[in-house]
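Numbered per this note's numbering, the sequence shown spans residues 14 to 277.
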Amino acid sequence: MRRILIGLNLFGAFFIILELFLKQQGKSICQTEGCQLAMGLARNENFILIIGTTIFLVLSLLFFLSKKRNLFPIIDVILIGVLSVEGYLIGIQFFFLSHLCSFCLIVGILFLIITLIYLFTYHRLTALAGIVSFIMVIFATYLILPMTGTLEEMAKICYIKGNPKDKWYLFVKENCPHCKKLLNYFLNYYKGDLKLYVCEAERCSLLLKKLGIKEVPVLLIEEKGKKEIFVGEQCILQGIEKKQLFPEMFFYQPQGTCGLNTCQ
Numbered sequence: 014m015r016r017i018l019i020g021l022n023l024f025g026a027f028f029i030i031l032e033l034f035l036k037q038q039g040k041s042i043c044q045t046e047g048c049q050l051a052m053g054l055a056r057n058e059n060f061i062l063i064i065g066t067t068i069f070l071v072l073s074l075l076f077f078l079s080k081k082r083n084l085f086p087i088i089d090v091i092l093i094g095v096l097s098v099e100g101y102l103i104g105i106q107f108f109f110l111s112h113l114c115s116f117c118l119i120v121g122i123l124f125l126i127i128t129l130i131y132l133f134t135y136h137r138l139t140a141l142a143g144i145v146s147f148i149m150v151i152f153a154t155y156l157i158l159p160m161t162g163t164l165e166e167m168a169k170i171c172y173i174k175g176n177p178k179d180k181w182y183l184f185v186k187e188n189c190p191h192c193k194k195l196l197n198y199f200l201n202y203y204k205g206d207l208k209l210y211v212c213e214a215e216r217c218s219l220l221l222k223k224l225g226i227k228e229v230p231v232l233l234i235e236e237k238g239k240k241e242i243f244v245g246e247q248c249i250l251q252g253i254e255k256k257q258l259f260p261e262m263f264f265y266q267p268q269g270t271c272g273l274n275t276c277q
């Protein structure tokens with residue numbers, strides 16, 4: 014079994030090295046959207062891959078030397094730490110990004126298999142802590158991270174009139190008077206074709222804050238090949254009329270807004 018553990022770790026190292034090589038060519042083992050989203054969140058994806066390769070190689074060496082020395086406590090610590098990190102990566106992809114990266118999933122499963130074989134071969138009950146931490150961290154991400162999905166899935170209202178080509182997303186807050194005025198305008202007075210998704214700003218707060226937006230209402234217009242964002246009641250109405258983006262809305266206080274936490 015020791016040889017199998019060494020072989021699995023060497024395979025894991027080779028698997029990540031292959032991904033590193035493909036990254037330099039602008040390619041990847043995983044072509045799923047989940048992989049692109051996961052790596053898009055990473056500050057330095059190559060550094061993460063190098064760390065993963067190093068861990069597999071270190072584990073291979075430790076298992077090789079464990080025949081003559083008692084290196085099991087070191088292996089226990091490494092496996093517990095690695096499985097905790099893998100639990101976080103998988104949890105954030107599943108519950109936050111709503112997409113799983115197949116590459117990350119394969120690496121995580123590989124670490125789990127290594128831990129299980131190690132547990133039953135050497136009867137290291139401390140390795141159970143790694144498996145428990147893997148499960149608990151995934152569960153913790155479910156409890157802590159906000160529910161996410163596509164904007165269409167998160168919308169509380171979808172209003173369609175005519176045959177619109179664009180998608181409009183209106184981010185509102187329940188007690189915001191500016192939001193109520195705009196919503197009333199779109200539902201009752203807007204004369205053009207319209208496909209409007211009304212989203213609660215609280216549920217989409219991470220997205221809005223990532224864009225540097227701290228006020229509502231916000232209108233995101235998704236056209237073919239481009240997106241436009243308008244912040245504030247007056248800016249939205251002017252933007253609809255002129256159909257152009259106002260850069261100043263990000264640098265000057267928008268008029269007719271409510272803060273995400275308090276209304277102005």
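We put the CB at the ideal spot given by N, CA and C, even for glycine.
Check	Outcome
Where residue 202 sits in the DSSP three-state scheme	coil
Straight-line gap, residue 190 to residue 174 (C-alpha atoms, nearest Å)	24 Å
Burial state of residue 205, where buried means 16 or more other Cβ atoms lie within 10 Å	exposed
9 Å Cβ cutoff met for residue 22 and residue 127	yes
Beta-bridge pairing of residue 240 - partner residues as DSSP gives them	235
Beta-carbon spacing of residue 145, residue 29 below 9 Å	no
Rounded distance between the beta-carbons of residue 209 and residue 195, thought under 8 Å	About 10 Å; that fails the 8 Å criterion.
Residue 275, DSSP secondary structure in three states	Confidence is the limiting factor: at residue 275 the pLDDT is only 49, short of 50, which leaves the residue's position unreliable, though a coordinate-based value still follows. Of the three classes helix, strand and coil, the one that applies to residue 275 here is coil, per DSSP.
6 Å Cβ shell around residue 233 - same chain, five flanking residues per side excluded	182 and 242
Sufficient close CB pairs (3 or more, under 8 Å) joining the stretch 90–97 to the stretch 62–72	yes
6 Å CB neighbourhood of residue 236 in its chain, flanking five on each side removed	179
With 16 other Cβ atoms within 10 Å as the buried cut-off, status of residue 244	buried
For residue 182: DSSP bridge partner residues	210 and 233
Distance between beta carbons of residue 15 and residue 81, contact taken as under 8 Å	With 8 Å as the limit, residue 81 and residue 15 do not qualify as a contact, their Cβ atoms being about 12 Å apart.
Span of the beta strand (DSSP E) around residue 168	168–174
Neighbourhood of residue 123 by C-beta distance below 6 Å, restricted to the same chain and skipping five residues each side	25
Where the alpha helix (DSSP H) through residue 224 begins and ends	Premise fails: residue 224 is in no alpha helix (DSSP H) and is neither H nor E.
Selected residue, minimal CA-CA separation from residue 281, among 217, 18, 213 and 36	The shown model of the chain, from 14 to 277, leaves out residue 281, and the question about it has no answer.
Where residue 260 sits in the DSSP three-state scheme	Because residue 260 carries a pLDDT of 38, less than 50, the predicted location of this residue cannot be relied on, and no value is offered for it.
Identity of the residue in 63, 141, 148 and 211 nearest residue 103 by Cα	148
Proximity test, residue 227 beta-carbon vs the ligand SAM heavy atom, cut-off 8 Å	For the ligand SAM, the structure offers nothing, since it holds no ligand at all.
8 Å contact criterion, which residue 154 and residue 108 should meet: CB distance rounded	5 Å
Among 207, 40 and 118, nearest to residue 176 - alpha-carbon criterion	207
DSSP state of residue 137 mapped onto helix, strand, coil	coil
Which listed residue (218, 74 and 33) has its alpha carbon closest to that of residue 18	74
Reduced DSSP category for residue 245 - H, G, I as helix; E, B as strand; rest coil	coil
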